[in-house]
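Chemist: Residue numbers (full-length UniProt numbering): 1 to 447.
For each residue, glycine too, the CB sits at the ideal point set by N, CA and C.
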Amino acid sequence: MFNKILIANRGEIALRVLRACKELGIRTVAVHSTADADAMHVRLADESVCIGPPPARDSYLNIPQLVAACEITGAEAVHPGYGFLSENARFAEIVEAHGIRFIGPSAEHIRIMGDKIEAKRTAQRLGIPVVPGSDGAVETEAAALKFASEIGYPVLIKASAGGGGRGMKIARSAEDLPEAYATARGESKAAFGDDAVYMEKLLLTPRHIEIQVLGDGKGGAIHLGERDCSLQRRHQKIWEEAGSPALNAGDRDRIGAICAKAVAGLGYAGAGTIEFLYENGEFFFIEMNTRLQVEHPITEAITDIDIVNEQIRVAYGSGLSVGQGDIEFKGHAIECRINAENPATFVPSPGKITYYHPPGGLGVRVDSGVYQGYKIPPYYDSLIGKLIVHGRDRVECLMRLRRCLDEFVVGGIETTIPLFRRLIDNQDIANGVYDIHWLERFLEAEP
Ligand code: ADP
Numbered sequence: 001m002f003n004k005i006l007i008a009n010r011g012e013i014a015l016r017v018l019r020a021c022k023e024l025g026i027r028t029v030a031v032h033s034t035a036d037a038d039a040m041h042v043r044l045a046d047e048s049v050c051i052g053p054p055p056a057r058d059s060y061l062n063i064p065q066l067v068a069a070c071e072i073t074g075a076e077a078v079h080p081g082y083g084f085l086s087e088n089a090r091f092a093e094i095v096e097a098h099g100i101r102f103i104g105p106s107a108e109h110i111r112i113m114g115d116k117i118e119a120k121r122t123a124q125r126l127g128i129p130v131v132p133g134s135d136g137a138v139e140t141e142a143a144a145l146k147f148a149s150e151i152g153y154p155v156l157i158k159a160s161a162g163g164g165g166r167g168m169k170i171a172r173s174a175e176d177l178p179e180a181y182a183t184a185r186g187e188s189k190a191a192f193g194d195d196a197v198y199m200e201k202l203l204l205t206p207r208h209i210e211i212q213v214l215g216d217g218k219g220g221a222i223h224l225g226e227r228d229c230s231l232q233r234r235h236q237k238i239w240e241e242a243g244s245p246a247l248n249a250g251d252r253d254r255i256g257a258i259c260a261k262a263v264a265g266l267g268y269a270g271a272g273t274i275e276f277l278y279e280n281g282e283f284f285f286i287e288m289n290t291r292l293q294v295e296h297p298i299t300e301a302i303t304d305i306d307i308v309n310e311q312i313r314v315a316y317g318s319g320l321s322v323g324q325g326d327i328e329f330k331g332h333a334i335e336c337r338i339n340a341e342n343p344a345t346f347v348p349s350p351g352k353i354t355y356y357h358p359p360g361g362l363g364v365r366v367d368s369g370v371y372q373g374y375k376i377p378p379y380y381d382s383l384i385g386k387l388i389v390h391g392r393d394r395v396e397c398l399m400r401l402r403r404c405l406d407e408f409v410v411g412g413i414e415t416t417i418p419l420f421r422r423l424i425d426n427q428d429i430a431n432g433v434y435d436i437h438w439l440e441r442f443l444e445a446e447p
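(1) Verify whether the separation of the beta carbon atoms of H332 and G363 is less than 7 Å.
(2) Can you name the residues that DSSP bridges to L6?
(3) So is M1 buried or exposed if we call it buried at 16+ other beta carbons inside 10 Å?
(4) Measure the Cβ-Cβ separation of V308 and A20 and say whether it is below 7 Å.
(5) Taking only three categories from DSSP, how would you classify L15?
(6) Give me the Cα-Cα distance between K386 and N248, rounded to the nearest whole angstrom.
(7) Which residues bound the alpha helix (DSSP H) around V263?
(8) Can you say whether Q311 is buried or exposed, counting buried as having 16 or more other CB atoms within 10 angstroms of its CB?
(9) Hey, is E23 close to the ligand ADP, as in C-beta under 6 Å from one of its heavy atoms?
(10) According to DSSP, which residues form a beta bridge with Q232?
(11) N339 by DSSP, collapsed to three states: which one?
(12) What are the boundary residues of the beta strand (DSSP E) that Q212 is part of?
(13) Just grab the DSSP bridge partners of Y356 for me.
(14) Rounded to whole angstroms, how far is the Cβ of L439 from the Cβ of R233, which I believe are closer than 8 Å?
(15) Kindly list the residues whose CB is nearer than 8 Å to the CB of A184, restricted to its own chain and excluding five residues on each side of it in sequence; keep chain order.
(16) Is any heavy atom of the ligand ADP found at a distance shorter than 6 Å from the C-beta of G164?
(17) Taking 8 Å as the limit between beta carbons, can you name the residues of its chain near D216, skipping five residues before and five after?
(18) In terms of residue numbering, what span does the alpha helix (DSSP H) encompassing F283 cover?
(19) Using three-state DSSP, classify K22 as helix, strand or coil.
(20) Since I believe P54 is in contact with Y379 (beta carbons under 8 Å), could you give me their beta-carbon distance rounded to a whole number of angstroms?
(21) Could you check if I211 belongs to the surroundings of the ligand ADP, using beta carbon to heavy atom distance under 6 Å?
(22) Which residue comes first and which comes last in the alpha helix (DSSP H) that contains R43?
(23) Quick one: is the Cβ of E287 within less than 6 Å of any heavy atom of the ligand ADP?
(24) Looking at the ligand ADP, does it come within less than 6 Å of E200, judged from the CB to the closest heavy atom?
(25) For I72, does the count of other Cβ atoms within 10 angstroms reach 16, so buried, or fall short, so exposed?
(26) Taking the alpha-carbon positions, what's the G25 to E335 distance?
(27) Where do the ends of the beta strand (DSSP E) carrying I63 lie?
(28) Who are the near neighbours of A191 in its chain, counting only those whose CB is closer than 7 Å to its CB and skipping five residues on each side?
(29) Ends of the beta strand (DSSP E) at T273?
(30) Can you check whether the CB of A68 is closer than 7 Å to the CB of S48?
(31) Which residues share a DSSP beta bridge with D367?
(32) Measure the CB-CB distance between G114 and M199 and report whether it falls below 7 Å.
(33) Per DSSP, I334 forms a beta bridge with which residues?
(34) Do you know offhand how far Y278's Cα is from S230's?
(35) Should V347 be labelled buried (16 or more other beta-carbon atoms within 10 Å of its own) or exposed?
(36) Please report the distance separating the alpha-carbon of D46 from that of T28.
Here you go:
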């Protein structure tokens, strides 16, 4: 096994990766900006290296500094976590060129999936169902109009280089189309330096359902079932469930097998997530994320598989510890993302945590890097922790979650905990009946 891993991230995910390393007997190197000198991942690591000033581009995105930190400490591998450099093919390439293992898929696979047009084409070739749409880039307004009249309005114009919902525009009619097309191209050019766009049929009331996959890098792969991440605000997931209230075991096996086969066909290494929109019993591929996801713990809760441990094993060349036949889905899990934000306006609320009491007990996991007295810096995203609750079924899970939300106290700052207390009292949530627009409608109706 590796002797030493550098964790190129911060916050709860740095801690999450550190825990997997410790359990494997691997020494850990934390990196941090000057704003994060007091962070928990720095305190718990065997060694730490300051890699720059607070802005992420000068620290957590600073590739030369990260490579230097590996060389100084003798780290043999880098775990990128999520966000920052985790889906940066160039980073994976540079790290590997320095004889350091990148814990993730090949740079080539990261690159394919980072280009939405290429990703969709690849998915289709591998037998994954996709949203009906243009075959590749739509290069002129005339082509866009022609295509939209073929598949029918409303249509969605999407940036090939897109991410975080940017460069995405709806056209409801032929009158709308020229402006939507031009805006999508312009936004994409400004945000990503690339104005290639493609088109899809707009699905009206889908759920967001994603499949967790693990590839051994040698042509073998398994799936760990689905997560339902339909509860979103501005394309940001807020609450996730495993399994989806909308799927049964047969649906899960069917789409899971398709995904595992596709990933095996790619020769993919490590953890990945294939994201779908799900409507009227059908799955439509939207993208693949080539990294660990924020919401991975709910899958761990229902499968008992440590996904980070598997990533490290695969990167080392040991393959996966389990086969598909070993995977059993047990019970139901829900994750609530605890953000340091006002629960109604979602304005960030950085500052000092004066009191901190996380919930505990059977079936409860809190992944967080904060502690009483910790000062949340204003430079990074506002996720301060994740509450993950597991129950033998969805009803038990919801009852346990309600109890945990009552227990959870974070003083000194505002958090999204009060929003979750409202959601758990809602009848649609109790029934598991919601689509990707549900949360925004709820927030508009009951701000
Ligand atoms: P990004 O990488 O920018 O997040 P995605 O392709 O993952 O882009 O899409 C983001 C979100 O946009 C999806 O989660 C879904 O809510 C919505 N979306 C994407 N494609 C469609 C579509 N064809 N119909 C309806 N909604 C869509």
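Modeler: The structure says:
(1) Numbered from 1 along the sequence shown, position 332 holds the residue referred to as residue 332. Numbered from 1 along the sequence shown, position 363 holds the residue referred to as residue 363. Not closer than 7 Å, so no.
(2) Counted from its first residue, the sequence shown places residue 6 at position 6. Per DSSP, V29, V78.
(3) Taking the sequence shown and counting its residues from 1, one reaches residue 1 at position 1. By the 10 Å Cβ count, M1 comes out exposed.
(4) For the purposes of this step, residue 308 is taken as residue 308 along the sequence shown, with counting starting at 1. For the purposes of this step, residue 20 is taken as residue 20 along the sequence shown, with counting starting at 1. Yes. Within cutoff.
(5) For this step, residue 15 is matched to residue 15 along the sequence shown. Residue state, collapsed to three classes: helix.
(6) Taking the first residue of the sequence shown as 1, we reach residue 386 at position 386. Taking the first residue of the sequence shown as 1, we reach residue 248 at position 248. Straight-line spacing of the CA atoms in K386 and N248 works out to 26 Å.
(7) Start at 1 with the first residue of the sequence shown, and residue 263 comes out as number 263. That run of the alpha helix (DSSP H) goes 249 to 266.
(8) Counting from 1 along the sequence shown, the entry for residue 311 is found at position 311. Looking at its Cβ environment, which holds 16 or more other Cβ atoms inside 10 Å, Q311 is buried.
(9) Start at 1 with the first residue of the sequence shown, and residue 23 comes out as number 23. Checking every heavy atom of the ligand ADP against the Cβ of E23, none is found closer than 6 Å.
(10) The residue you call residue 232 lines up with position 232 of the sequence shown. Answer by DSSP bridge pairing, in chain order: K237.
(11) Residue mapping note: residue 339 aligns to position 339 of the sequence shown, counting from 1. Strand, per DSSP.
(12) Taking the sequence shown and counting its residues from 1, one reaches residue 212 at position 212. Its beta strand (DSSP E) spans residues 207 to 216.
(13) In the sequence shown, counting from the first residue as 1, residue 356 sits at position 356. Partner(s): V410.
(14) In the sequence shown, counting from the first residue as 1, residue 439 sits at position 439. In the sequence shown, counting from the first residue as 1, residue 233 sits at position 233. So it is a contact: roughly 6 Å between Cβ atoms.
(15) Reading the sequence shown from its first residue, position 184 is the one you call residue 184. Hits under 8 Å: I157, K158, A159, G167, M168, K169, V197.
(16) Within the sequence shown, residue 164 is the residue found at index 164, counting from 1. G164: yes, Cβ under 6 Å from the ligand ADP.
(17) Start at 1 with the first residue of the sequence shown, and residue 216 comes out as number 216. Residues A269, V314, G319, L320 of the same chain have their beta carbon placed closer than 8 Å to that of D216, with the five preceding and five following residues left out of the count.
(18) As a first step, residue 283 is located in the sequence shown; it is residue number 283 there, counting from the start. Counting along the chain, F283 falls outside any alpha helix (DSSP H), though it belongs to the beta strand (DSSP E) covering 282 to 289.
(19) For the purposes of this step, residue 22 is taken as residue 22 along the sequence shown, with counting starting at 1. The answer is helix: DSSP assigns K22 an H, G or I state.
(20) The residue given as residue 379 occupies position 379 in the sequence shown. The residue given as residue 54 occupies position 54 in the sequence shown. At roughly 5 Å, the Cβ-Cβ gap stays under 8 Å, so Y379 and P54 are in contact.
(21) The residue you call residue 211 lines up with position 211 of the sequence shown. No, since every heavy atom of the ligand ADP falls outside the 6 Å radius drawn around the Cβ of I211.
(22) Walking along the sequence shown from the start, residue 43 turns up at place 43. Start and end: 40 to 44.
(23) What you label residue 287 is simply residue 287 of the sequence shown in a count that begins at 1. Correct: E287 has its Cβ closer than 6 Å to the ligand ADP.
(24) The count along the sequence shown starts at 1 and reaches residue 200 at position 200. E200 Cβ: within cutoff of the ligand ADP.
(25) To locate residue 72, count along the sequence shown from 1; it is residue 72. Counting Cβ neighbours within 10 Å, I72 comes out exposed, since fewer than 16 surround it.
(26) The residue you call residue 25 lines up with position 25 of the sequence shown. The residue you call residue 335 lines up with position 335 of the sequence shown. Rounded to whole angstroms, G25 to E335 spans 28 Å at the Cα level.
(27) Along the sequence shown, one-based indexing puts residue 63 at 63. Taken as a continuous stretch (DSSP letters only), I63 belongs to no beta strand (DSSP E), being part of the alpha helix (DSSP H) at 63 to 73.
(28) What you label residue 191 is simply residue 191 of the sequence shown in a count that begins at 1. Within the same chain, A191 has close Cβ partners R166, G167.
(29) Counting from one through the sequence shown, the residue named residue 273 turns up at place 273. Counting along the chain, the beta strand (DSSP E) containing T273 begins and ends at 269 to 279.
(30) For this step, residue 48 is matched to residue 48 along the sequence shown. For this step, residue 68 is matched to residue 68 along the sequence shown. No, they are not a contact pair.
(31) Within the sequence shown, residue 367 is the residue found at index 367, counting from 1. Looking at the DSSP output, D367 sits in a beta bridge with K386.
(32) Reading the sequence shown from its first residue, position 114 is the one you call residue 114. Reading the sequence shown from its first residue, position 199 is the one you call residue 199. G114 places its beta carbon 7 Å or farther from that of M199.
(33) Your numbering for residue 334 matches position 334 in the sequence shown. Paired residue(s): E241, V389.
(34) By one-based count along the sequence shown, residue 278 stands at place 278. By one-based count along the sequence shown, residue 230 stands at place 230. Straight-line Cα distance between these residues: approximately 10 Å.
(35) The residue you call residue 347 lines up with position 347 of the sequence shown. So V347 ends up on the exposed side.
(36) Your numbering for residue 46 matches position 46 in the sequence shown. Your numbering for residue 28 matches position 28 in the sequence shown. One C-alpha to the other measures close to 5 Å.
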